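Q: Got a structure here, written out as C-alpha cells. Questions coming.
Protein chains: 2
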Amino acid sequence: MTPFSYRCTDCGRTYARDAVRYLCSVCGEAYRPGIPLLGVLEAVFDYEAIHRDFDRANPDWNLFCPVEPEFHPPIPVGNTPLGRVDRLGAELGLSSLWVKNDGLNPSGSLKDRASFLVVAEARRLGMELIVAASTGNAASALAAVCASTSTRALIFVPEKAPKAKLVQMVLYGAQVVPIQGTYDDAFALSLEYTAKRGGLNRNTAYHPLTIEGKKTVSLEIWAQLGFQVPEAILVSVGDGVILGGVHKGFVDLQRAGLIDRLPRLIGVQAETSDAIHRYVESGVYSDATNPTTRADSISVTCPSNAHGARRAIEESQGLTLTVTDEEILEAQAQLAGRTGIFTEPAGATAMAGLTKLQGGPNRITGSGPVVILATGHGLKDVEAPLSRISIPLAVPPVLEALTL
Amino acid sequence: MTPFSYRCTDCGRTYARDAVRYLCSVCGEAYRPGIPLLGVLEAVFDYEAIHRDFDRANPDWNLFCPVEPEFHPPIPVGNTPLGRVDRLGAELGLSSLWVKNDGLNPSGSLKDRASFLVVAEARRLGMELIVAASTGNAASALAAVCASTSTRALIFVPEKAPKAKLVQMVLYGAQVVPIQGTYDDAFALSLEYTAKRGGLNRNTAYHPLTIEGKKTVSLEIWAQLGFQVPEAILVSVGDGVILGGVHKGFVDLQRAGLIDRLPRLIGVQAETSDAIHRYVESGVYSDATNPTTRADSISVTCPSNAHGARRAIEESQGLTLTVTDEEILEAQAQLAGRTGIFTEPAGATAMAGLTKLQGGPNRITGSGPVVILATGHGLKDVEAPLSRISIPLAVPPVLEALTL
C-alpha cells in the first residue's frame, strides 16, 4: 500500500494515519447544525511512489487506496459500466457523450464505494459498530457492505425515505432508526450517538474515507476512457461529497503525474436544495431553506461538504446550476428512453443539468468525452416516474381486440 | 466472427444461418399451448476455429457470438460481478461458494443478455419491431436494450407483473400490453401477433438467440473463476431457458476443447411451478396446474424449454428440486443478510435450493467452486420481503429516547 497521511482541507494541518479518526482536531472540533463541516480531511499519498509503481497495462488501483486489501470487504463494489450514448449525444450536440451507470453497484448506488472503504477501515481498527445518517442510499450501502462481513450497522434515516431503500437496509440486517425529521436531523443525531455511545461514524464527508471511496469512480472513468481525462463530468449534488470524491480522484491522478489537467466538474442541484450552487455563485454560504425536491437523495438543508464542493468546482474551472423537479423527471425519462439506463431522480439530475446547459450560453462545445454520472438505480423509487407516465389498462388476450 | 449454423435440438436437422428465423421447420412447425416447444434451435459453431483463436490472456468472447459486433446495441450488458461468499459458504458446508449477481445488468436481470443478442439480430436483419411475451424481466430487458437503439418493442405481460417491472418497460419507451391472463396466455398471443402482423419474436426459447445470449453468463463465470469449471451451478428454473443458456455456454466451451467436463447443473423450481422438475424426475411431461408462486419470474404453466432443460440436467449429471415460497423468502433474506446481495424471489430460489440440498442426502461435498446464479434485482419487487420483515416505527430525533 502507498504511504499516506491525512491533511485538513481547510487549514492544511497534517495528521499521521492513526492519529485521527474523523475531522481535523482544530478546524472541525465541534459540529454545529446549520454550518457545513469544517476540517474535512483528505488522504495525501506518496505520489512519487504511485507515479513509479502505476502501470497502465496492469493497473493496481490499491496504490490509491488508504486501507490495506486484507481488510477489504468480500462484496464486489464498483467496476460499473461506462457506456457511450450516441443517440442522446446527437440530441445534445455532443459527439462523445457517456453515462457512468453507478446504479449497478450492489446496493444500487455510488454510495457502496464509500461504505466499502469505511467498513474496511472499521475492520482494520477492530470496530464492530458503524453508525450513519443517510437520506437512504448511504444507509442501504452501509447495510449491504456490513452484511458481507460481520460488522453491525446502525442507521438513522428520515422516515420519508422511499420504501424500497428502507426495505433494503432492513433486509440486509441493519438496525434502522427512522427519524421524525429531516436528513439534517438524522445527521446531527448520528454524530451525537457516536460521540456519546461509540461506534465508527460513517457520515458522508465527516469520515475522510467516504470521499476516498467515492473517488474510485474517477479512477475507473479515466481507465475506461482509455486513460483519457474527460472534458467535463456532470454530477448531481446534494451534500457535495460525491462531487468531492470525483474531484479527489482526478486530483490524485494529477498529483501522481498521471494526468496533466482536471476535467471540468459541473455540479447540478435541485432548485429547492441549492445551498452549494448559491455558495459557489456568491461566495457566501447559507442553508437551503426548504429542500422539498422529489430527488430525495440530494435533498439537504446544510450540505456537509459545501466547502469542498466549492473548491472542486473552482479548481476544475467548472460551474454549478439548478434544475426543477419537472426537468429532473423529464431527464429521467429521456435517459431511460434513449439509453436504456433507469436512474433515480437524483441520478437524473445530472442529465437534467446537461440538457439545460446545452440550451444556454455555457454549453459544452468541445469534442472531448463528456460524462454523465448516474448515481443511483431507478428501481430505488418507482413512484417518481409515475407522475409522468402511466401503466396501460389490461386487455383480454385476443389478437382481434388489439389495434397495434 | 466464427462460422456457425443452426441445428434442431430435437431432430438434429441443420439450417444455414439465414434459412431460418425461429424454430426447426419440421419439429417446431406449430406452437400449441399446453405443449413445450419442440424444434428449438441451437447455434453450432466451427469449434476448431474457436479452439485455434481463443486466447485466455486476451479473451475474444465474440468468437462465441452468432451476431457480428457491428450490430451489437450500444448498451453495456453482462460483465456482472462473481463474488466469493465465505460467510454463507461456512453455514452451508461449502469451502468455495460464489454468487454471480446478474441483477446488476442494466435493466436488473439476466434477461438483458438475451435481449442484447436478439436486438443485435433485428438490426442485422433490418427489422424495426421486436415482440415479446414476458413475466416482466424479459420485457424490461427488451425495452431497455431497444431504448439504446431505435428499435421498437411491443410487449405482452400478465397484468399482475410487479409494478416496478411495468414502470421500467413503460419508461424505457416500449409499447406495453398488460394481458388479463397468465404468462402462458401472453406467450401464445405474442406468437399469434408476429405470425399474423409481423415483427421479430423474442420469446424465450422460441428465438434461438435467447439461449445464445444467456450462455454468456457461463463464459463469464468460467473466466472469473480463472478459467476453471465450477463443481456445480444452482439455477432458478421457470421456463428453463436460463438453465438451457447456462448449459449451452459450457457445452460450447467443451466442444471447443477449452474445458473437459460440464459443471453439474442444479435446477430449482417453486413447488407450485414445477413442470420441469416433474419431467426430469419421471420422464413424462405435464403442465404445472396452478403456478401461484410469489417468485413471479419463474411462475409458468407450460415451460417453453422443458425438453432442453431436461437435457441440460441429464447431460451435466445434475438434478432438480423444488422449494416452497416460504423457503424462497427465507433464502432471499439470508442471501441479503450474509452477502449484501438483494435478489428478487426468483433469484433467491436457487439459494433456497442450495440450502435444502445441503440439508439432505444429495448435498454437495466436493471442494470445487459452487456458484449460485442470482438472476434478478431485489428492487424489482420490494413488496415480497415485506411478508417477513417490517420497517421500524419512526422516533423523534432525540438521543435520550433511543435504547440502542
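Going down the list, the protein sequences come from chains S and B.
For what it's worth, this note's numbering labels the leading residue of the first sequence as 3, then goes sequentially.
For what it's worth, this note's numbering labels the leading residue of the second sequence as 3, then goes sequentially.
Yeah, the Cβ is synthetic: ideal placement off N, Cα and C, and Gly gets one too.
All values derive from a computational prediction rather than experimental measurement.
Less than 8 Å between the C-beta atoms of Ala188(S) and Pro160(S), yes or no?
A: Result yes, Cβ atoms of Ala188(S) and Pro160(S) sit closer than 8 Å.
Q: I need the boundaries of the beta strand (DSSP E) containing Phe73(S), first residue and last residue.
A: Looking at the DSSP string, Phe73(S) is not in any beta strand (DSSP E), and its letter there is neither H nor E.
Q: What in chain B is Cβ-close to Asp187(S), meaning under 8 Å?
A: Going along chain B in sequence order, the residues near Asp187(S) (Cβ under 8 Å) are Pro399.
Q: Please classify Lys102(B): does DSSP put it in a helix, a strand, or coil?
A: If DSSP states are grouped into helix, strand and coil, Lys102(B) belongs with the strands.
Q: What do you reckon, are the CB atoms on Pro83(B) and Pro61(S) nearer than 8 Å?
A: Not a contact, by the Cβ cut-off of 8 Å.
Q: Using three-state DSSP, classify Gly259(S) as helix, strand or coil.
A: DSSP places Gly259(S) in coil when its eight states are reduced to three.
Q: For Gln419(B) and Pro293(B), what's the separation of their Cα atoms in angstroms?
A: The requested residue 419(B) does not occur in the structure, where chain B is confined to residues 3 to 406.
Q: With DSSP collapsed to three states, give me the class of Val302(S).
A: Val302(S): coil per DSSP, three-state reduction.
Q: Roughly how many angstroms separate the alpha carbons of Val147(B) and Pro265(S), rounded to a whole number?
A: The alpha-carbon atoms of Val147(B) and Pro265(S) are separated by roughly 30 Å.
Q: So, does the stretch 233–247 of chain B touch the stretch 362–375 of chain B, judging by three or more C-beta pairs under 8 Å?
A: Yes: at least three Cβ pairs fall under 8 Å.
Q: Give the secondary structure of Asn1(B) by DSSP, where H, G and I count as helix, E and B as strand, and everything else as coil.
A: Because chain B here runs from 3 to 406, residue 1(B) falls outside it and cannot be looked at.
Q: If the cut is a Cβ gap below 8 Å, which residues of chain S does Val87(B) touch?
A: Under the 8 Å cutoff, chain S gives Pro76 and Ser150.
Q: Establish whether the CB of Ala195(B) and some CB of chain S are separated by less than 8 Å.
A: Strictly speaking, residue 195(B) in this sequence is Tyr, with Ala absent from that position. Output row for Tyr195(B): interface = yes.
Q: What number of angstroms, rounded off, separates the C-alpha of Ala234(B) from the C-alpha of Thr4(S)?
A: Between Ala234(B) and Thr4(S), the C-alpha separation is close to 39 Å.
Q: Could you check if Lys2(S) is buried or exposed, using at least 16 other CB atoms within 10 Å of its CB as the buried criterion?
A: With chain S covering 3 to 406 only, the question about residue 2(S) has no answer from this structure.
Q: Look at the alpha carbon of Gly436(B) and the alpha carbon of Val270(B), and state the distance between them as a whole number of angstroms.
A: Examination of residue 436(B) is not possible in this model, given that chain B is present from 3 through 406 alone.
Q: Got a sec: is the Cβ-Cβ distance from Arg364(S) to anything in chain B below 8 Å?
A: Just to set this straight, residue 364(S) is Asn in the shown sequence, not Arg. For Asn364(S), the answer is no, since every Cβ of chain B falls outside 8 Å of its Cβ.
Q: Going by DSSP, what residue range makes up the beta strand (DSSP E) through Tyr8(S)?
A: Where Tyr8(S) is concerned, the enclosing beta strand (DSSP E) stretches over Phe6 to Cys10.
Q: Locate the beta strand (DSSP E) running through Arg86(S), then write down its first and last residues.
A: Where Arg86(S) is concerned, the enclosing beta strand (DSSP E) stretches over Leu84 to Arg86.
Q: So Pro76(B) and Arg86(S) are in contact, right, with Cβ under 8 Å, and what is the actual spacing, rounded?
A: With a Cβ gap of about 6 Å, Pro76(B) and Arg86(S) count as contacting.
Q: Just to confirm my understanding: we take Ala166(B), look at its own chain, exclude 5 residues before and 5 after, and list those with CB closer than 6 Å. What are they?
A: Same-chain partners within the cutoff: Lys382.
Q: For the stretch 380–397 of chain S, list every residue whose C-beta sits within 8 Å of some C-beta in chain B, in sequence order.
A: Per Cβ criterion, the list reads Gly380, Leu381, Lys382, Val384, Pro387, Leu388, Ile391, Ser392, Ile393, Pro394, Leu395, Ala396 and Val397.
Q: Along chain B, in chain order, which residues have C-beta atoms closer than 8 Å to that of Leu173(S)?
A: Residues of chain B passing the Cβ test: Gln334, Ala335, Ala338, Gly339, Phe344, Gly380, Pro387 and Ile391.
Q: Take Thr341(B) and list the residues in its own chain whose beta-carbon comes closer than 8 Å to its own, dropping the five residues that flank it on each side.
A: Result list for Thr341(B): Gly85, Val87, Arg89, Leu90 and Val101, in chain order.
Q: Could you tell me which chain B residues have their CB closer than 8 Å to the CB of Ala109(S), listed as they occur along the chain?
A: According to the sequence as given, residue 109(S) is Ser; it is not Ala. Correct list: Gly342 and Phe344.
Q: Helix, strand or coil for Glu346(B)? Go by DSSP, reduced to three states.
A: Correct three-state label for Glu346(B): coil.
Q: Give the single residue among Gly14(S), Gly41(S), Arg23(S) and Asp114(S) whose Cα lies nearest to the Cα of Ser306(S).
A: Considering only alpha carbons, the answer is Gly41(S).
Q: Can a CB atom of chain S be found closer than 8 Å to the CB of Lys198(B)?
A: With 8 Å as the cut-off, Lys198(B) counts as an interface residue toward chain S.
Q: Using DSSP's beta-bridge definition, name the partner residues of Val282(B).
A: According to DSSP, Val282(B) bridges with nothing at all.
Q: Would you check if the stretch 216–232 of chain B and the stretch 241–257 of chain B touch, i.e. whether three or more CB-CB distances between them fall below 8 Å?
A: Touching, per the Cβ criterion.
Q: Output, in chain order, the set of chain B residues within a Cβ distance shorter than 7 Å of Lys165(S).
A: Simply Val384.
Q: I need the straight-line Cα distance from Ile300(S) to Pro164(B), nearest angstrom please.
A: Cα to Cα, Ile300(S) sits roughly 27 Å from Pro164(B).
Q: Determine the direct distance from the alpha carbon of Trp224(S) to that of Val229(B), and round the result to whole angstroms.
A: Residue identity check: residue 229(B) is Phe in the sequence provided, not Val. Approximately 28 Å between the Cα atoms of the pair.
Q: Look up Arg154(B) in the DSSP assignment and say whether it is helix, strand or coil.
A: Note: Arg154(B) maps to strand in three-state DSSP.
Q: What are the complete alpha helix (DSSP H) segments, minimum 4 residues, inside the stretch 156–194 of chain S?
A: Segments of the alpha helix (DSSP H) lying fully in the stretch 156–194 of chain S: 165–173.
Q: Tell me, which residues are paired with Tyr17(B) by DSSP?
A: Answer is Tyr8(B).
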